[in-house]
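Residue numbers (this note's numbering): 298 to 619.
Ideal Cβ placement from N, Cα and C applies to all residues, glycine included.
Before any comments, here is the structure.
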């Protein structure tokens, strides 16, 4: 067990502390986060990249932003975050951000595929910031160049998170013996053979999640696997259809595989779950259901055990792993 988590476990096992927590009606994960927060506040504990890898957090929020440029007058155009609990993706946050009357440089559209039409109806930075703060709660922050770029940039725009506990995967990579020419996100994704679409905040933050896990678990993968709880999607074959409000299709596939599931492109009698999003195609056979839904319903009518989950039901299923 990791030293930091071992300390939390000891405190939670103390009879006096447990009697007090029992009166609060806090869930087990909430109790864990409360004790972790107290330890950080009063022991000057920080997730220093120079410390042992075993001290790095397993509960955290990854953050990445896209901007109009790197100057002090530039604006945020997208903020994405992924909440991780017990090393597993728990929830996602993704929002475009309005830049008002400012002009979006052509090269930024070329790099990110974000254009002024997308940003026209996007919420303001203040509105997105408020939602992001609710999403982060008191979790530590992890990100690539998060200490040198993301957090200072957010602070200049009005969201100051610089006092939060933070781990920068650039610094972490520099303390790890890797045979790479530099520590850019693209270089590390290539090094770890991570498939991603660069220059999109949500895709970048999901790539950072995988990079962080590779760096963090470098020396104790075997021990960590022995301590982990069974994955809720382990050995499950999963198909999906439609569009989703919380994640893109690429992000959904990463979430599924990170929880042990296997992606299938079609629905067969061996499929365990069909995740159903909003259908927007104009060529639906009955005007309502996709071909995958129709095929799945036919299997179910014939006694084949396949579960159809909407987006909310899928997220609730993931929470059972915690």
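Q: Quick one: grab the DSSP three-state call for residue 387.
A: What you label residue 387 is simply residue 90 of the chain shown in a count that begins at 1. Residue 387: strand per DSSP, three-state reduction.
Q: Report yes or no: do three or more beta-carbon pairs, one from the segment 529-540 and one from the segment 574-584, lie closer than 8 Å?
A: Put simply, the segment 529-540 touches the segment 574-584. At least three CB pairs are less than 8 Å apart.
Q: Report all residues from its chain with a CB closer than 8 Å to the CB of residue 254; omit the five preceding and five following residues, and keep chain order.
A: Residue 254 lies beyond the residue range present for the chain, which begins at 298 and ends at 619; the question has no answer from this structure.
Q. How many Å lie between residue 398 and residue 417 at the Cα?
A. Start at 1 with the first residue of the chain shown, and residue 398 comes out as number 101. Start at 1 with the first residue of the chain shown, and residue 417 comes out as number 120. Counting only the Cα atoms, residue 417 lies some 10 Å from residue 398.
Q: Decide if the segment 416-435 is in contact with the segment 373-389; the criterion is three or more beta carbon pairs, one per stretch, under 8 Å apart.
A: yes
Q.
Taking DSSP's pairing of strands, which residues face residue 490 in a bridge?
A. Counted from its first residue, the chain shown places residue 490 at position 193. According to DSSP, residue 490 bridges with nothing at all.
Q: Please go through the same chain and pick out, in chain order, the residues whose beta-carbon is closer than 8 Å to the beta-carbon of residue 447, but skip the five residues on each side of it.
A: By 1-based counting over the chain shown, the position of residue 447 is 150. 360, 361, 362 and 440, listed in sequence order.
Q | residue 603 vs residue 571 beta-carbon contact at 8 Å | A | In the chain shown, counting from the first residue as 1, residue 603 sits at position 306. In the chain shown, counting from the first residue as 1, residue 571 sits at position 274. A contact, by the Cβ cut-off of 8 Å.
Q. Residue 314 by DSSP, collapsed to three states: which one?
A. Residue 314 sits at position 17 when you count from the first residue of the chain shown. Residue state, collapsed to three classes: helix.
Q | beta-carbon residue 399 near the ligand SAH non-hydrogen atom, thresh 7 Å | A | Ligands are entirely absent from the displayed structure, and the ligand SAH is therefore not among its contents.
**Q.** Cβ neighbours of residue 617 in the same chain (closer than 7 Å, five flanking residues each side left out)
**A.** Locating residue 617 in the chain shown gives position 320, where the first residue counts as 1. For residue 617, where only same-chain residues beyond five positions count, the Cβ hits under 7 Å are 529.
Q. Residues in its own chain within less than 8 Å of residue 369 by CB, not counting five upstream and five downstream?
A. Start at 1 with the first residue of the chain shown, and residue 369 comes out as number 72. Correct list, in chain order: 453.
Q) With DSSP run on the structure shown, which of helix, strand or coil describes residue 484? A) Locating residue 484 in the chain shown gives position 187, where the first residue counts as 1. Helix.
Q) In angstroms, rounded to a whole number, what distance separates the CA positions of residue 557 and residue 353? A) The count along the chain shown starts at 1 and reaches residue 557 at position 260. The count along the chain shown starts at 1 and reaches residue 353 at position 56. Residue 557 and residue 353: Cα-Cα distance of roughly 22 Å.
Q) Does DSSP classify residue 592 as helix, strand or coil? A) Translated into the one-based positions of the chain shown, residue 592 becomes position 295. Reduced to three states, the DSSP call for residue 592 is helix.
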